[in-house]
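Undergrad: Sharing a structure below in structure tokens format, with a few things to ask.
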Amino acid sequence: MATRSRDLPIVGDSFNVGYRFQRYWDTPMANAFFCGELGGGIFLVAAFLDFMPGMLAGLLLTCFLKTYFHLSHMGVPMKSWRAILRPDRSWISRGLLAIVFYAGFGFAYLGLAWLGLAETLGISETLVGVVKGLAFLSALVVATYQGFAMSHSTAIALWSTGMMPVSSLVYALSGGVMVNLVLGWNSVLAAQPELRGAVLTAGLVLMGLLAVVHLSLLHAAYHGSPGGRKSVELLTRSYYAQWYWGVTWTVGILVPAALLWSAGGSYAAVLIAAAGVLAGYYSFRVLIFKAGLFEPIMSFRP
Amino acid sequence: MARWGMVFDLKRCIGCNACVIGCKQENSLPDGVLFTRTLSEEYGVYPTVNRVYIPTLCNHCEDAPCEKVCPSGATYTRDDGIVMVDSDKCIGCGSCAVACPYDQRSELSPHLFKDGLFGTGEITPFEEQGYVRYTPGMVTKCDFCSGRVDEGLDPACVVTCPTDARIFGDLDDPDSKPSKLIREKGGRAPLPEKNTKPKVFYVNWTN
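Protein sequence lines correspond, in order, to chains Y and B.
Heads up, the first sequence is in the working numbering, so the first residue is 1 and it goes up one at a time.
Heads up, the second sequence is in the working numbering, so the first residue is 1001 and it goes up one at a time.
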């Protein structure tokens, strides 16, 4: 009887029955997702702190680097504008719309609040607050929509879980907290030691959340389907295990958490922790693409 | 209006891959791009070892995930159920490719059209006339040879198959050959748990 065995091999492009790596979304797309989510996260945290340089950094990362990497991935970049046409059904379209709003409202807010255009133009504080709120909401969508785009695909079991958008948001916020700690350590956070302590604690909590998200993601994929189990094995026991445990977990979660816990008052420790979180975040983005597998359509193996 | 579908008879397929070649010729596919494949699998333990061939192509799903995720509206379903890709609208983002559970999408990298089938940079007249239907960089797939179907012909892979392992017809017509085979031999859709409602079925899939 035709069944699908979890013991089938990974067959690449050969004409054999087995698992196949998804190869359509690779490093340029991982770069774009990383820059988009991180930019959104930096903006969200900076907006919460009302820290203008952080907001600008988030906007620049999303609007320029994410866009650049998306265009370098796109097969027909000159027609990329068409990606905005189907927000009714596609998360790519929704995300692109959110980026447009995010850039528009984000830069508008910086112009109004940071450059003082609100005073010059006589715009009320309420309206400036509304602009900031819309930028914040757009940044929230930018930080999460890629997770929705991935979880929307039932083809790849590793991605097809509700934990994908959660992982996007938690990673975006973790990166955002760490980058804002680095950028604002000697300015906005130096002036408010209590706020600095709160942000450090938030960073530590987010490290804990990241660990929970990872374990949930692995659990959902492992118990989701044979393909998901195979992907988890790739991440945790075979091809990508050294990267997953070494960079994503140790460098990206455990070391930063230990540094924030033990030496959170030191700028050097925060700097190293931030670099670790970003390295772990980037490796997660790359590995989650690389470990994505299509399942065999059928198999006769017992 | 017909609702086109296909049946693969696994007992008839001999794995000759004539369908693959017929498809490549009909669709002028660049080097390394395939719209159909015949996968093989060996199973069992000596001395009762067996080999089975499993043809694959786009399943033209009724609930096509590739169409749902397409951000540009390039992927659409015709009234007769054939899932198409509009080469003028495709932006090559690949979201359809990662959404298709059957891995039946193909990226047409621009370099394929420059290198040519022989990789020498020379484009033969055969390629020249065939490549006009594609936009370099787009992501495309099998369209059941829609041009041939519109003229009342069967897809190229079906007419090329020497063993009649591929049977094409109207799934809404209870007297059509594929409908009868599905009914009588218990047609099985690939990966039914993905809920895509494929219009391609396999018969004789038990040993």
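We put the CB at the ideal spot given by N, CA and C, even for glycine.
Using alpha carbons as the reference points, say which of Y:L260, Y:S225, Y:E295 lies closest to Y:V205.
TA: Position 205 of the first sequence, counting from 1, holds the residue named residue 205 of chain Y. Among Y:L260, Y:S225, Y:E295, the Cα nearest to that of Y:V205 is on Y:L260.
Undergrad: Let me know if B:N1204 comes out buried or exposed under the rule of 16 or more other beta-carbons within 10 Å of its beta-carbon.
TA: Position 204 of the second sequence, counting from 1, holds the residue named residue 1204 of chain B. With 16 or more Cβ atoms within 10 Å of its Cβ, B:N1204 is classed as buried.
Undergrad: Go ahead and pull the three-state DSSP assignment for B:T1038.
TA: As a position in the second sequence, residue 1038 of chain B is number 38, starting the count at 1. Strand.
Undergrad: Taking the straight line between their C-alpha atoms, what separation do you get for Y:P87 and B:R1078?
TA: Numbered from 1 along the first sequence, position 87 holds the residue referred to as residue 87 of chain Y. Numbered from 1 along the second sequence, position 78 holds the residue referred to as residue 1078 of chain B. Roughly 21 angstroms between the two C-alpha positions.
Undergrad: Scan the segment 1119-1160 of chain B and note each continuous alpha helix (DSSP H) run of 4 residues or more that stays entirely inside, going in chain order.
TA: Runs found: 1125-1131, 1146-1150, 1156-1160.
Undergrad: Hey, how far is the Cα of Y:I10 from the Cα of Y:L293?
TA: Working through the first sequence from its first residue, we reach residue 10 of chain Y at position 10. Working through the first sequence from its first residue, we reach residue 293 of chain Y at position 293. For Y:I10 and Y:L293, the distance between alpha carbons rounds to 9 angstroms.
Undergrad: Quick check: what's the CA-CA separation for Y:R23 versus B:E1026?
TA: Here residue 23 of chain Y corresponds to residue number 23 of the first sequence, with the count starting at 1. Here residue 1026 of chain B corresponds to residue number 26 of the second sequence, with the count starting at 1. Answer to the nearest angstrom: the Cα atoms are 26 angstroms apart.
Undergrad: By the criterion of Cβ-Cβ separation under 8 angstroms, what are the contact partners of Y:R347 in chain B?
TA: This structure cannot speak to residue 347 of chain Y, because chain Y is shown only from 1 to 302.
Undergrad: Measuring from the CB of Y:S80, is there a heavy atom of the ligand COA at a distance below 8 angstroms?
TA: Questions concerning the ligand COA fall outside what the structure shown contains, since it holds no ligand whatsoever.
Undergrad: Touching or not, the segment 133-143 of chain Y and the segment 85-102 of chain Y, by the rule of three or more beta carbon pairs under 8 angstroms?
TA: Result yes; three or more Cβ-Cβ pairs closer than 8 angstroms.
Undergrad: Please report the straight-line C-alpha distance between Y:P77 and B:K1185, rounded to a whole angstrom.
TA: As a position in the first sequence, residue 77 of chain Y is number 77, starting the count at 1. As a position in the second sequence, residue 1185 of chain B is number 185, starting the count at 1. Those two C-alpha atoms are separated by around 47 angstroms.
Undergrad: I'd like to confirm the pairing. Which residues does DSSP put opposite B:W1004 in its beta bridges?
TA: Along the second sequence, read from residue 1 onward, the residue named residue 1004 of chain B stands at position 4. BP columns for B:W1004 point to B:D1170.
Undergrad: Below 8 angstroms on the Cβ atoms is my contact criterion, and I expect B:P1101 with B:L1039 to pass it. Report the Cβ-Cβ distance as a whole number of Å.
TA: For the purposes of this step, residue 1101 of chain B is taken as residue 101 along the second sequence, with counting starting at 1. For the purposes of this step, residue 1039 of chain B is taken as residue 39 along the second sequence, with counting starting at 1. 15 angstroms between Cβ atoms; not a contact.
Undergrad: With DSSP as the reference, please indicate the residues paired to Y:F294 in a beta bridge.
TA: Indexing the first sequence from 1 puts residue 294 of chain Y at position 294. The partner list for Y:F294 (beta bridge, DSSP) reads Y:R20, Y:I156.
Undergrad: Helix, strand or coil for B:M1084, going by three-state DSSP, please let me know.
TA: Walking along the second sequence from the start, residue 1084 of chain B turns up at place 84. Note: B:M1084 maps to strand in three-state DSSP.
Undergrad: Which residues in chain Y have a C-beta closer than 7 angstroms to the C-beta of B:M1138? List them in chain order.
TA: Here residue 1138 of chain B is taken as the residue at index 138 of the second sequence, counted from 1. In chain order: G75, V76.
Undergrad: Select from Y:I272, Y:R301, Y:V17, Y:F43 the residue whose C-alpha is nearest the C-alpha of Y:L110.
TA: As a first step, residue 110 of chain Y must be located in the first sequence, where it is residue number 110. That would be Y:F43, whose Cα lies nearest to the Cα of Y:L110.
Undergrad: Only counting the same chain, and skipping five residues up and downstream in sequence, which positions put a Cβ closer than 8 angstroms to that of B:L1010?
TA: In the second sequence, residue 1010 of chain B corresponds to position 10, counting from 1. Here the set comprises V1052, Y1053, I1054, A1165, Y1202, V1203, N1204, W1205.
Undergrad: Beta-carbon within less than 6 angstroms of B:G1130's beta-carbon, same chain only, minus the 5 sequence neighbours each way: which residues are those?
TA: Walking along the second sequence from the start, residue 1130 of chain B turns up at place 130. S1028, listed in sequence order.
Undergrad: Using C-beta distances below 6 angstroms, list every residue in its chain close to B:D1154, excluding the 5 sequence neighbours before and after it, in chain order.
TA: Taking the second sequence and counting its residues from 1, the one referred to as residue 1154 of chain B is at position 154. The answer, listed in chain order, is F1168.
Undergrad: Identify each residue in the segment 127-161 of chain Y for which the Cβ-Cβ distance to at least one residue of chain B is less than 9 angstroms, and report them in chain order.
TA: Those residues of the segment 127-161 of chain Y that come within reach of chain B (Cβ to Cβ, closer than 9 angstroms) are A149, M150, H152, S153, T154, A155, I156, W159.
Undergrad: If we call anything under 9 angstroms between Cβ atoms a contact, is B:K1141 one with B:C1058?
TA: Looking up residue 1141 of chain B in the second sequence gives position 141. Looking up residue 1058 of chain B in the second sequence gives position 58. Yes.
Undergrad: Look up B:D1115 in the DSSP assignment and say whether it is helix, strand or coil.
TA: The residue you call residue 1115 of chain B lines up with position 115 of the second sequence. Helix, per DSSP.
Undergrad: Quick one, which residues of the segment 1081-1101 of chain B are near chain Y if we go by CB-CB under 8 angstroms, in chain order?
TA: Flagged, chain order: K1089, C1090, I1091, G1092, C1093, G1094, S1095, A1097, V1098, A1099, C1100, P1101.
Undergrad: Any idea if B:T1163 is buried or exposed, counting beta-carbon neighbours within 10 angstroms, 16 or more meaning buried?
TA: Stepping through the second sequence from its first residue, residue 1163 of chain B is reached at position 163. When all chains shown are included, B:T1163 counts as exposed.
Undergrad: For Y:S168, count neighbouring C-beta atoms within 10 Å of its own C-beta (all shown protein chains included) and say buried if the count is 16 or more, exposed if not.
TA: As a position in the first sequence, residue 168 of chain Y is number 168, starting the count at 1. The residue in question, Y:S168, is buried, as its Cβ has 16 or more Cβ neighbours within 10 Å.
Undergrad: Is the number of C-beta pairs between the segment 1108-1124 of chain B and the segment 1062-1079 of chain B that are closer than 8 angstroms three or more?
TA: Not touching, per the Cβ criterion.
Undergrad: Please state the DSSP three-state secondary structure of Y:G147.
TA: For the purposes of this step, residue 147 of chain Y is taken as residue 147 along the first sequence, with counting starting at 1. If DSSP states are grouped into helix, strand and coil, Y:G147 belongs with the helices.
Undergrad: Are Y:L183 and Y:V199 close, meaning C-beta to C-beta below 9 angstroms?
TA: Residue numbering aside, residue 183 of chain Y sits at position 183 when the first sequence is read from its first letter. Residue numbering aside, residue 199 of chain Y sits at position 199 when the first sequence is read from its first letter. Cβ distance not < 9 angstroms, so Y:L183 and Y:V199 don't count as in contact.
Undergrad: Report yes if the C-beta distance between B:R1061 and B:C1096 is below 9 angstroms; otherwise report no.
TA: One-based indexing of the second sequence puts residue 1061 of chain B at position 61. One-based indexing of the second sequence puts residue 1096 of chain B at position 96. According to the sequence displayed, residue 1061 of chain B carries Cys and not Arg. Their beta carbons are not under 9 angstroms apart, which means B:C1061 does not touch B:C1096 by this criterion.
Undergrad: So does the segment 159-175 of chain Y actually touch the segment 56-74 of chain Y, counting three or more Cβ pairs closer than 8 angstroms?
TA: Contact between the segment 159-175 of chain Y and the segment 56-74 of chain Y is absent, because fewer than three Cβ pairs lie under 8 angstroms.
Undergrad: Which one of Y:S124, Y:N31, Y:A155, Y:S93 has the shortest CA to CA distance from B:A1099?
TA: The sequence position of residue 1099 of chain B within the second sequence is 99, counting from 1. It is Y:A155.
Undergrad: Please state whether DSSP places Y:V232 in a helix, a strand or coil.
TA: On the first sequence, residue 232 of chain Y is found 232 positions in, with the first residue counted as 1. Reduced to three states, the DSSP call for Y:V232 is helix.
Undergrad: Let me know the secondary structure DSSP gives Y:S299 once reduced to three states.
TA: Numbered from 1 along the first sequence, position 299 holds the residue referred to as residue 299 of chain Y. Note: Y:S299 maps to strand in three-state DSSP.
Undergrad: Could you confirm whether any beta carbon from chain B is found closer than 9 angstroms to the beta carbon of Y:I84?
TA: For the purposes of this step, residue 84 of chain Y is identified with residue 84 of the first sequence, where counting begins at 1. Judged by the 9 angstroms Cβ criterion, Y:I84 is in contact with chain B.
Undergrad: Please classify Y:R237 as buried or exposed, where buried requires at least 16 neighbouring CB atoms within 10 angstroms.
TA: Reading the first sequence from its first residue, position 237 is the one you call residue 237 of chain Y. It is exposed - the Cβ of Y:R237 has fewer than 16 other Cβ atoms within 10 Å.
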